[in-house]
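Colleague: Let me begin by handing over the structure; questions about it come next.
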Amino acid sequence: MAVTENQQLRDINADYTERYGFHDAENYLYKAPKGLSRELVEKISEFKSEPQWMREFRLKALDHFLARPQPTWGSPLLAEVDYDNIHYFVRASERAERSWDDVPDDVKKTFDRLGIPEAERKFLSGVGAQYESEVVYHQVREDLEQQGVIFMDMDSGLREHEDIVRQYFATVIPPNDNKLAALNSAVWSGGSFVYVPEGVHVEMPLQAYFRINTENMGQFERTLIIAEPGSYVHYVEGCTAPTYSSNSLHSAVVELIAKPGARIRYTTVQNWSTNVFNLVTKRAVAQEDATVEWVDCNLGSKLTMKYPSIYLMGERAHGEVLSIAFAGAGQHQDAGAKIIHAAPNTTSNIFAKSISKDGGRGSYRGLLEIAKGAHGAHSKVVCDALLLDDHSRSDTYPTIRIGEDDVNVAHEATVSKVGDDQLFYLMSHGISEEEASKLIVNGFIEPITKELPMEYAVEMNRLIELQMEGSIG
Amino acid sequence: MPEIIEVCPVEDLKPGERRLVEWEDLEIGVFNCGGTLYAIEDRCSHDNGPLAEGEFDEANCTVECPRHGSLFDIKTGQPKTLPAYVPVDTFPVIIEQQTIKLEVD
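If you're matching them up, the sequences are chains A and B in order.
Each residue of the first sequence is one higher than the last, beginning at 128 in the working numbering.
Each residue of the second sequence is one higher than the last, beginning at 14 in the working numbering.
The following block contains the structure:
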C-alpha cells in the first residue's frame, strides 16, 4: 500500500470524532429531562397521538422493565448502565420528511457528511434516517411503492397501517421477553416498518441509518419487517454517534416475519462510538420454505450484547447468521446467534468470527436448538476467534439442545493468535508488519464480508483496516 | 389409563376466574372464559416456569407467561407469540353434579 494511503488511514483512524464522532448544536423541539417515569411514557405516546392500545402496551412494558432485575450475565460492564442518567426521548424535527431539502439544516448536514443521500442516489431502494429518537427523513422508490411495498418509520407505520402493525407487533418479541425488550417496548420511538407484498422482490437494499447526537442519549428504535409469501427484501442498517466521556444507551427491538417461501436478509454495520451500550434484541420467524439471514457486523460500542435469533417454524425453512465482532481497547463484543429448528427438514448455518486486540474482549454466545419432531434438520455452527495480542480475550459459550434423533449437527470452534511465523512469512515477501497483520485479518473475515453488498464490503474492510492501524509494532 | 379428578363446585369458578389443581406431579390451571371451562398444564413450554398464574385475558381466552411473555391460547394450548413455540398440554373438562372435574392421564 502506498505511503500516502497509509497516512490517510492513520489520520482518520487517529480520530473517530473527525469522521463519525462530531456532534451538532442542539436545536431540538423537545428534549426530555434525564430519567424514566410513567409520565414520560405517557407523554411519548401523547406526542405521537397513539391509539389507546399502544399507550397501554407501553405502560405495561414499563411495569415489566421496573420489575425485572438488571441481568448479571454477559458482561461486568452491564453494571455500569445507569438508567437514571439517560435522555429517553429527544425530538429533532416535526416529521419524517420525504425530501432532504425539508430536513432541518444541521441534521441534513450530518447525514451529508455521513454520505447517506449520496448512497441513496447510487444504490438503494429506499432510505430512512433516524436522528436521536425519531426518523427525520424517509423515502422509498416510487416503483416499489406502486407494487405495494411499504417502507416507513415505525411511528408512521402505526398511524397509517394500524391493522397490520397490531396484528404482528410484539408477536416475535413480547415486551416481557427480557429487561431491555421491556424498556424498548415502553419508550420505543422510530425504527422502520417494512411490508413486502406477495411475490415482490425488492432488488436493491433498503437502508436505515441511526444517528445519536446528544450526550447521555437513549435511542430505542423499533423495527418490524413482514415479507409476504415468495417475496424478497434486503434491509441494511448502519449507525454512529459522537464520542463523549459519559455513556449513551442504544436498545432496539427488531422483529422479522418471513412468510412461506419468502426471504429476508438483514445486514447491520454497527459502528457506535465507544461510549455507547448497545443492548439489542433481534428475532426472526421463518415459515415453510422461507429463508432468513442476519449479517451482523459489530465494530463499535462499549458493550454490545446481541444474539440475532431465527425460529425455523415451517418445514424446509433455512436460517443463516454471519457475525463479525471486532473488540478493541475497552470494548466487549458479546455477540452470537440463536437458531431454533421447530419443524422438519429445516437447515441452518452460523458463522461467527471475532477479532480482539489491545485488551478488547470478544465473546461468542450461541444457542442451537432442535425440537422434538424436527427430523431431518441440518445445522452447522462455526465460530472462530483471532487474538492479536496477549492481553486481549476471547470466550465461546455455545449451547446445543437436541430433542430429535434424525438430525445432523456440526460444531467447530477455533481460537488462533496471529503468529510470528505467519508474520515472518509475509514479511519475508517484502510486506511490512502492519500490512501483513491486515492481510491476515482480512483473510480471516473475508468469508463474511463477501456476503455484504459491494459498497458495504468496501466500507467494512476499510473500517477493519482503520481499527487495525498501529496495532502492531 | 385416564383418571377423573375433582376441581371444585361449579359456583366456585366464575367467569374470569381461574384455579390451580395438582395431580401427582402435574400442575394444571383451570380457567373460566366467559362461562366455558378449559384446563391447561401449568408449565410454559419455553422454559418450564409456571404459566397459569400469568395475566389472564378472559375476553380472548389467553394467558401470558409471567417469565418471558409468551401468550397462550387457553382453548388449544398453542402459543400465539414467541419465545414459546411448542403447545402446552390441555385436559378435557367435565361437569358432573355441579362439580368441575378433569380427565387426566
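Beta carbons are placed, not taken as given, at the ideal position from N, Cα and C, and that holds for glycine.
Looking at Tyr-295/A: is its Cβ nearer than 8 Å to the Cβ of Ile-437/A?
Modeller: As a first step, residue 295/A is located in the first sequence; it is residue number 168 there, counting from the start. As a first step, residue 437/A is located in the first sequence; it is residue number 310 there, counting from the start. Between Tyr-295/A and Ile-437/A, the C-beta gap is not smaller than 8 Å, which leaves the two residues out of contact.
Colleague: Who pairs with Asn-476/A in a beta bridge, going by DSSP?
Modeller: Here residue 476/A refers to the residue found at position 349 of the first sequence. Paired residue(s): Glu-447/A, Lys-507/A.
Colleague: Please tell me whether Asn-154/A has its Cβ less than 8 Å away from any Cβ of chain B.
Modeller: Residue numbering aside, residue 154/A sits at position 27 when the first sequence is read from its first letter. No, its Cβ sits nowhere closer than 8 Å to a Cβ of chain B.
Colleague: Please name the residues in the segment 65-82 of chain B whose beta-carbon is closer than 7 Å to at least one beta-carbon of chain A, in chain order.
Modeller: His-81, Gly-82
Colleague: Using 8 Å as the threshold, is the C-beta distance between Leu-95/B and Val-299/A below it?
Modeller: Here residue 95/B refers to the residue found at position 82 when the second sequence is read from its first residue. Here residue 299/A refers to the residue found at position 172 when the first sequence is read from its first residue. In this structure, Val-299/A lies closer than 8 Å to Leu-95/B by Cβ.
Colleague: Exposed or buried, Gly-90/B, counting other C-beta atoms within 10 Å across all chains shown (16 or more means buried)?
Modeller: To locate residue 90/B, count along the second sequence from 1; it is residue 77. Result: buried.
Colleague: Using a Cβ-Cβ cut-off of 8 Å (strictly less than) and excluding sequence neighbours within five positions of Asn-28/B, which residues of its own chain qualify?
Modeller: Looking up residue 28/B in the second sequence gives position 15. Sequence check: residue 28/B is Pro here, not Asn. The beta carbon of Pro-28/B is closer than 8 Å to those of Asn-45, Cys-46, Gly-47, Gly-48, Glu-71 in its chain, skipping five residues each way along the sequence.
Colleague: If you count every other CB in all the chains shown that lies within 10 Å of the CB of Thr-131/A, and 16 or more means buried, which is it?
Modeller: For the purposes of this step, residue 131/A is taken as residue 4 along the first sequence, with counting starting at 1. In this prediction, Thr-131/A has a pLDDT of 46, which is less than 50 and means its spatial position is unreliable; nothing more can be read from the coordinates.
Colleague: Going by DSSP, what residues sit across from Ser-490/A in a beta bridge?
Modeller: Residue 490/A sits at position 363 when you count from the first residue of the first sequence. Paired residue(s): Asp-461/A, Asp-522/A.
Colleague: Less than 8 Å between the beta carbons of Leu-33/B and Glu-40/B, yes or no?
Modeller: What you label residue 33/B is simply residue 20 of the second sequence in a count that begins at 1. What you label residue 40/B is simply residue 27 of the second sequence in a count that begins at 1. Yes.
Colleague: Closer than 7 Å between beta carbons: that is the criterion. Which residues of the segment 26-43 of chain B meet it against chain A?
Modeller: none
Colleague: Going by C-alpha distance, which of Ala-452/A, Phe-453/A, Leu-430/A, Pro-471/A is nearest His-445/A?
Modeller: For the purposes of this step, residue 445/A is taken as residue 318 along the first sequence, with counting starting at 1. Measuring from the Cα of His-445/A, the nearest candidate turns out to be Pro-471/A.
Colleague: Give the single residue among Ala-313/A, Ser-172/A, Val-568/A whose Cα lies nearest to the Cα of Ala-194/A.
Modeller: Here residue 194/A is taken as the residue at index 67 of the first sequence, counted from 1. Minimum Cα distance to Ala-194/A is reached at Ala-313/A.
Colleague: Along the alpha helix (DSSP H) that carries Met-554/A, what are the first and last residues, could you check?
Modeller: The residue labelled residue 554/A in the question sits at position 427 within the first sequence. Unbroken alpha helix (DSSP H) run through Met-554/A: 547-554.
Colleague: Take Val-508/A as the anchor and find which of Leu-189/A, Ala-479/A, Ile-572/A, Val-208/A has the nearest alpha-carbon.
Modeller: Counting from one through the first sequence, the residue named residue 508/A turns up at place 381. Considering only alpha carbons, the answer is Ala-479/A.
Colleague: On a Cα-Cα basis, can you pick out the residue from Pro-369/A, Ser-316/A, His-505/A that is closest to Glu-342/A?
Modeller: Within the first sequence, the letter at position 215 stands for residue 342/A. Answer by Cα proximity: Pro-369/A.
Colleague: Are the beta-carbon atoms belonging to Leu-449/A and Ser-483/A less than 8 Å from one another?
Modeller: For this step, residue 449/A is matched to residue 322 along the first sequence. For this step, residue 483/A is matched to residue 356 along the first sequence. No, these two residues do not count as a Cβ contact at 8 Å.
Colleague: Ordered along the chain, which non-local residues of its own chain (more than five positions away) have a Cβ less than 6 Å from that of Gln-334/A?
Modeller: Numbered from its first residue, the first sequence carries residue 334/A at position 207. For Gln-334/A, where only same-chain residues beyond five positions count, the Cβ hits under 6 Å are Leu-251, Val-254, Val-363.
Colleague: Is the Cβ-Cβ distance between Glu-177/A and Leu-285/A less than 8 Å?
Modeller: Mapped onto the first sequence, residue 177/A falls at position 50. Mapped onto the first sequence, residue 285/A falls at position 158. A contact, by the Cβ cut-off of 8 Å.
Colleague: Could you please give the first and the last residue of the uninterrupted alpha helix (DSSP H) stretch that includes Arg-165/A?
Modeller: Counting from one through the first sequence, the residue named residue 165/A turns up at place 38. Its alpha helix (DSSP H) spans residues 165-174.
Colleague: Please name the residue in Trp-421/A, Met-587/A, Lys-175/A whose C-alpha comes closest to that of Thr-576/A.
Modeller: Taking the first residue of the first sequence as position 1, residue 576/A is located at position 449. The option with the nearest alpha carbon to Thr-576/A is Met-587/A.
Colleague: What residues from the segment 84-99 of chain B come within 9 Å of chain A, judged by C-beta to C-beta, listed N to C?
Modeller: Leu-84, Lys-93, Thr-94, Leu-95, Pro-96, Tyr-98, Val-99
Colleague: With 16 other CB atoms within 10 Å as the buried threshold, where does Lys-429/A fall?
Modeller: Within the first sequence, residue 429/A is the residue found at index 302, counting from 1. Buried.
Colleague: Going by the C-beta, is Gly-463/A closer than 7 Å to any heavy atom of the ligand ATP?
Modeller: Summarising the ligand content, the structure contains no ligands, and the ligand ATP is consequently not present.
Colleague: Distance, Cα to Cα, Gln-460/A vs Ala-454/A?
Modeller: As a working mapping, residue 460/A is identified with position 333 in the first sequence. As a working mapping, residue 454/A is identified with position 327 in the first sequence. For Gln-460/A and Ala-454/A, the distance between alpha carbons rounds to 6 Å.
Colleague: Can you list, in chain order, the residues of its chain whose CB lies under 7 Å from that of Gly-388/A, leaving out five sequence neighbours each side?
Modeller: Position 261 of the first sequence holds residue 388/A. Closer than 7 Å at the Cβ level, and outside the excluded window around Gly-388/A, lie Pro-356, Gly-357, Asp-416, Ala-417.
Colleague: What residue range does the beta strand (DSSP E) around His-377/A cover?
Modeller: Along the first sequence, one-based indexing puts residue 377/A at 250. In this chain, the beta strand (DSSP E) harbouring His-377/A covers 375-377.
Colleague: I need the straight-line Cα distance from Asp-60/B to Arg-31/B, nearest angstrom please.
Modeller: Along the second sequence, read from residue 1 onward, the residue named residue 60/B stands at position 47. Along the second sequence, read from residue 1 onward, the residue named residue 31/B stands at position 18. Rounded to whole angstroms, the gap between the alpha carbons of Asp-60/B and Arg-31/B is 22 Å.
Colleague: Which residue wins for smallest C-alpha separation from Trp-315/A, given the options Asp-304/A, Val-380/A, Met-279/A?
Modeller: Here residue 315/A is taken as the residue at index 188 of the first sequence, counted from 1. Checking every option, the nearest Cα to that of Trp-315/A belongs to Val-380/A.
Colleague: Would you list, in chain order, the members of the segment 299-321 of chain A that have their beta-carbon closer than 9 Å to a beta-carbon of chain B?
Modeller: Per Cβ criterion, the list reads Val-299, Ile-300, Pro-301, Pro-302, Asn-303, Asp-304, Asn-305, Ala-308, Ala-309.
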